[in-house]
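Chains as they are written, first to last, in this note's numbering: chain A, 77 to 273; chain B, 50 to 650.
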């Protein structure tokens with residue numbers, strides 16, 4: 077085609093219903109080899125960036141939640157067999173690159189069940205994760221979202237939508253009456269208590 | 050099954066015709082390598098879209114999180130540095146690919162009528178690519194990108210009439226900050242790529258409309274784009290990717306210097322290599338100073354603008370042989386000038402001591418901040434404060450700025466640069482150590498330039514006497530009996546133990562008995578040092594207090610005010626009261642003391 081030529085018309089090949097045959101007289105085998113070579117070249121050339129992108133994007137799959145020991149309060153703040161008390165869980169936390177020296181990561185209720193025994197519940201409702209309250213009038217935990225109700229010991233009460241009781245957390249009393257709780261979150265909406273991994 | 054699905058789809062979207070049209074572009078004279086540049090550029094852009102999108106998933110554009118998120122991507126995310134490196138090196142390769150594409154188009158005459166508009170599309174794409182690289186350079190919010198972008202946006206302010214407003218719009222105010230990043234990011238990942246796609250569609254559509262400009266004379270019989278040219282293009286794209294991966298692997302990804310610090314100019318900042326010619330041109334600003342508007346306007350706007358305008362107008366007179374020849378000549382000259390300026394810029398840097406020092410300091414800070422971030426995590430205020438509170442980085446700078454006009458550190462200024470003035474006060478490497486004291490109490494070394502040789506204590510102005518301590522060391526110590534010499538060594542151990550240097554921790558513990566003896570021999574039972582110096586609650590006179598000598602507190606105290614009665618008192622030569630006069634903050638003095646004592650790691 078002459079470059080200085082004005083308007084040019086493309087020789088438009090008819091669009092056949094079947095796979096179009098190229099105008100060269102290539103044998104089917106040669107044709108196949110070329111197609112395969114093109115596919116291989118394209119695949120190889122894009123394998124690097126796509127591979128690296130996939131590995132980076134899939135990285136969160138490797139993350140795992142681990143129970144964090146957190147100092148919550150001291151025994152003196154809890155009355156023996158008294159009503160459950162609400163506490164924020166504040167601890168050092170790493171969020172990707174940032175290290176927060178004191179960051180609220182959740183909330184719990186504590187009940188002192190013995191001289192040196194404490195029971196801890198995650199304040200997230202096992203139904204769908206709202207924050208439950210303790211209503212002393214009813215003597216029960218109550219979720220304001222979908223009306224789930226739990227006994228002070230954590231069991232589901234009445235016709236609650238929650239399929240399991242409040243999630244207990246391991247709690248221990250250390251030296252000088254410090255109350256430590258291994259804080260962890262669990263999957264909502266199911267009957268089994270499964271850690272969020 | 051597949052056939053039936055394909056038929057079903059074809060009846061609805063007519064995809065076979067679309068593929069057919071896309072693939073069966075006739076190529077007169079057969080497929081050639083020289084036609085592959087455009088395809089490699091499309092390929093490069095596809096790679097940028099893939100890698101850029103993936104980077105987007107982990108990037109957080111704000112002044113406290115941009116550097117941090119990229120640091121996290123590179124160190125804590127597997128494949129992260131590979132990904133960012135590919136994005137970086139593909140961008141680097143796109144510039145030469147664009148240049149080759151432009152040259153091929155002009156040399157083959159593919160810019161002549163009726164293809165002018167498509168040539169302009171191409172130039173616009175070139176401009177967009179440079180815009181993408183400029184905006185992308187800032188996003189890591191590191192020292193290199195920050196300072197280079199400052200220069201670029203300051204140049205923007207030189208555009209006649211709209212410059213200052215344009216500058217404010219681009220950086221989101223009058224100062225660099227959060228908005229600069231959000232705006233650069235929106236440009237880099239939103240607006241510019243959208244325009245790029247639109248222009249590429251136009252570019253390729255027009256190219257198809259006009260057909261390929263075949264190189265004459267034809268070498269082979271006519272062929273179709275598919276599969277002959279596709280095969281060639283595929284090999285070329287693979288070669289591009291292989292180069293990218295090789296560069297990525299060799300350089301271990303893309304550079305991430307220390308976090309942007311507005312208070313500390315980074316003289317090692319350079320733009321990407323393809324802007325180095327412009328960078329160099331700006332150094333010749335003086336030559337154009339007499340032109341109306343001043344040299345900066347000409348170097349930054351008028352000359353590059355004139356060159357762009359010439360490129361833009363080139364097709365208009367390319368119909369004639371002479372016009373085409375002129376264009377080729379201009380393009381050749383342009384590339385030649387570009388190469389020369391680039392070479393000069395790199396040559397200058399290669400022979401510039403200060404530049405090398407700035408690069409070395411930049412590397413030290415980069416390594417240090419990454420080490421601290423890995424060890425301690427990044428605080429919510431961002432990674433920069435890891436550096437600004439770090440004695441290992443800040444103390445040598447303070448030493449160079451405040452102390453090195455008199456003192457030396459390993460014979461240099463603390464940052465490793467040779468001293469500007471002749472040393473007039475003590476060498477402070479190994480401050481607090483036994484070696485330092487042995488040199489100090491050596492009759493020959495004490496009057497040398499590495500101890501007190503340059504001070505008025507040794508060379509008093511006419512009519513005044515030498516300092517009594519100098520007098521003692523020079524006159525008395527040479528007369529010591531072997532027994533007294535052994536005492537002196539024990540006193541040295543005892544004094545040095547006051548410093549509690551981390552590096553002498555084991556030696557001090559090992560020699561505890563000798564140190565205890567030395568403490569006694571400091572006074573009447575030995576060398577009578579306590580006649581002048583107070584030591585551990587005993588003795589004292591006009592000399593400085595030696596209790597805790599060389600410790601962090603003692604060292605900070607003498608920097609705070611050397612003329613205090615516990616230190617030199619009235620005998621202080623020329624040392625300034627850095628703390629009392631508020632030349633250094635308490636925190637800064639403490640950092641210097643820690644660093645001199647080798648306390649930080």
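Glycine included, every Cβ here is placed at the ideal spot set by N, Cα and C.
Among the residues of the segment 264 to 277 of chain B, those with a Cβ less than 9 Å away from any Cβ of chain A are 265, 270, 271, 272, 273, 275, 276, 277, in the order of the chain. A residue is called buried when at least 16 other Cβ atoms come within 10 angstroms of its Cβ; residue 219 of chain A meets this threshold and is buried. Per DSSP, residue 171 of chain A is one residue of the beta strand (DSSP E) stretching across 161 to 171. Ranked by Cα distance from residue 572 of chain B, the first of B:536, B:366, B:263, B:97 is B:536. The residues 144, in chain order, have a CB closer than 6 Å to that of residue 323 of chain B in the same chain once the five nearest residues on each side in sequence are set aside. Between residue 198 of chain A and residue 182 of chain A, the gap from beta carbon to beta carbon is short of 8 Å.
With contact defined as three or more Cβ pairs closer than 8 Å, the segment 170 to 179 of chain B and the segment 213 to 229 of chain B are not in contact. Residue 446 of chain B sits in a helix when the DSSP states are folded into three classes. Sequence-ordered contacts of the segment 234 to 246 of chain A with chain B are nonexistent [C-beta pairs closer than 7 Å].
Proximity of residue 256 of chain A to chain B, defined by a Cβ-Cβ separation below 8 Å, is not satisfied. In this structure, B:89 is the residue among B:89, B:266, B:491, B:345 with its C-alpha nearest to the C-alpha of residue 150 of chain B. When rounded, the separation of the alpha-carbon atoms in residue 188 of chain A and residue 163 of chain A is 13 Å. With a contact defined as Cβ atoms closer than 8 Å, residue 231 of chain B and residue 220 of chain B miss out at about 11 Å. In this structure, DSSP gives residue 197 of chain A an extended state, which the three-state scheme calls strand. Between residue 133 of chain A and chain B, the shortest Cβ-Cβ separation is below 8 Å.
Sequence-ordered contacts of the segment 282 to 301 of chain B with chain A read 283, 284, 286, 287, 289, 290, 293, 294 [C-beta pairs closer than 8 Å].
In this structure, DSSP gives residue 174 of chain A an extended state, which the three-state scheme calls strand. Taken through DSSP and simplified to helix, strand or coil, residue 188 of chain A comes out as strand. Contact between the segment 278 to 288 of chain B and the segment 120 to 129 of chain A is established, with three or more Cβ pairs separated by less than 8 Å. By the Cβ neighbour-count rule, residue 373 of chain B is buried, with 16 or more other Cβ atoms within 10 Å of its own.
For residue 241 of chain B, the enclosing alpha helix (DSSP H) stretches over residues 241 to 259. For residue 149 of chain A, the enclosing beta strand (DSSP E) begins and ends at 144 to 150.
With fewer than 16 other beta carbons inside 10 angstroms of its own, residue 295 of chain B counts as exposed. In summary, residue 623 of chain B is exposed, with fewer than 16 beta-carbon neighbours lying within 10 Å of its beta-carbon over all protein chains present.
For residue 211 of chain A, the uninterrupted beta strand (DSSP E) run begins and ends at 209 to 211, by DSSP. Taking C-alpha positions only, residue 384 of chain B is separated from residue 408 of chain B by approximately 29 Å. Any Cβ of chain B closer than 8 Å to the Cβ of residue 160 of chain A would place that residue at the interface, and such an atom is absent.
Shown here for residue 506 of chain B: same chain residues with a beta carbon closer than 8 Å to its own, the five before and five after excluded, namely 515, 516, 518, 519, 620, 622 in chain order. A residue is called buried once 16 or more other Cβ atoms fall within 10 Å of its Cβ, and residue 512 of chain B, having fewer, is exposed. Chain-ordered, the chain B residues with CB closer than 8 Å to the CB of residue 117 of chain A read 280, 283, 284, 286, 287. For the segment 484 to 516 of chain B, there is no continuous beta strand (DSSP E) assignment of 3+ residues that stays within its boundaries. At a C-beta separation below 9 Å, residue 364 of chain B has no neighbours in chain A, since its nearest C-beta there lies roughly 12 Å away. Against chain B, the beta carbon of residue 178 of chain A has no neighbour under 9 Å; the closest one sits roughly 10 Å away.
Counted as a single uninterrupted DSSP element, the stretch harbouring residue 584 of chain B is not any alpha helix (DSSP H), since DSSP gives it neither H nor E. Of the residues B:72, B:490, B:64, B:610, the one whose Cα lies closest to the Cα of residue 629 of chain B is B:610.
Between residue 644 of chain B and residue 441 of chain B, the gap from beta carbon to beta carbon is short of 8 Å.
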